[in-house]
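Beneath this line is the structure, given in structure tokens, with notes to follow.
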Amino acid sequence: MSAWQMLPTLALAIDADVAPARAQAVTEALTRRIVPLLAARAGRYEPLASGCLYEHGGRLILMTCRHVFDDGAVIGDLAVPLAAAGRLLPLRHAGARLIAHPQHDLAALEIGAASACRALRRGWQPVPLAALPTEVVGSQFVLAGYPYAQMRRCDGTLYARPLVVFARRLEDEPAPRVRYSYTARRIDGQLVHAPELDGVSGATLWSVTEERGALECVLQPAGVQSAFLHGRYARGAPITAAREVLARLTG
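Going by our numbering, 56 is the number at position 47 of the sequence shown; the sequence numbering is gapless.
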């Protein structure tokens with residue numbers, strides 16, 4: 010029996026104009042990159058946060074939010090799924106070490122064990138560290154992560170439906186904010202409830218730039234989601250701060 014299974018999802022749009030074909034292509038790309046972070050509680054793993062895998066020089070790093078560790082999470086209790094394999098990788102077996110940003114809500118976990126890196130690469134598609142921009146451009150963003158509201162346990166398996174939501178930038182500032190309302194338009198045209206973002210903390214917020222035809226566009230990391238106010242906004246720690254954390258691990 011598998012311990013975890015990702016369910017198919019349809020992207021949402023909030024004050025954003027995105028063609029269904031492009032939204033589906035972006036969804037397929039991002040669901041290979043976003044990773045749920047689980048914590049052991051009362052003998053079983055429960056959802057905790059979201060993250061994204063980055064790679065540099067053969068090294069694998071999971072970027073997420075710092076506040077879950079400020080709230081008491083410890084590496085020995087954490088695990089990440091091995092994607093389609095349905096199994097979990099406990100981080101106590103992954104040789105993981107933690108680096109947290111002193112000011113921003115950011116944390117990076119370097120996966121030190123070679124066997125753990127190989128297992129993660131088989132299931133997920135890490136983002137090259139070189140893809141981190143020095144500045145954030147564009148007005149359209151997409152947030153992808155794993156909200157608690159879209160996770161259910163059945164017969165020992167944790168079923169998770171990722172959230173992929175396109176939204177417009179609210180302010181031109183280093184820490185990007187996007188509008189996050191109570192309702193959103195699904196790419197099939199249906200108006201739906203936009204879920205609470207608990208569990209999405211640590212997810213990468215991406216800017217959508219350089220559109221090429223009906224399908225292609227460029228996705229660049231723009232921030233790491235750290236806070237939200239339902240009905241108003243989702244906010245990310247700036248990607249420049251993420252570069253600082255990753256530089257401490259790879260420099």
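Even glycine gets a Cβ: it sits at the ideal position worked out from N, Cα and C.
Keep in mind that this is a model prediction, so the values were computed, not measured.
Buried or exposed (CB count within 10 angstroms, at least 16 for buried), residue i
i           : result
residue 82  : buried
residue 37  : exposed
residue 180 : exposed
residue 59  : buried
residue 113 : buried
residue 163 : exposed
residue 111 : exposed
DSSP bridge partner residues for residue i (one or two, in chain order)
i           : result
residue 168 : 14 and 161
residue 53  : 50
residue 205 : Beta-bridge pairing links residue 205 to no other residue.
residue 237 : 243
residue 40  : DSSP, once it has assigned bridges, lists no residue as partnering residue 40.
Beta-carbon spacing of residue i, residue j below 9 Å
i           : j           : result
residue 35  : residue 27  : yes
residue 86  : residue 50  : yes
residue 106 : residue 84  : yes
residue 143 : residue 115 : no
residue 23  : residue 145 : no
residue 243 : residue 200 : no
residue 32  : residue 257 : no
residue 209 : residue 172 : yes
residue 25  : residue 176 : yes
Distance between beta carbons of residue j and residue i, contact taken as under 8 Å
i           : j           : result
residue 16  : residue 168 : 6 Å
residue 136 : residue 62  : 7 Å
residue 47  : residue 91  : In fact, because the Cβ distance is near 12 Å, the residues do not count as touching under 8 Å.
Q. Does the segment 39-56 come within contact of the segment 179-198, defined as at least 3 CB pairs closer than 8 Å?
A. no
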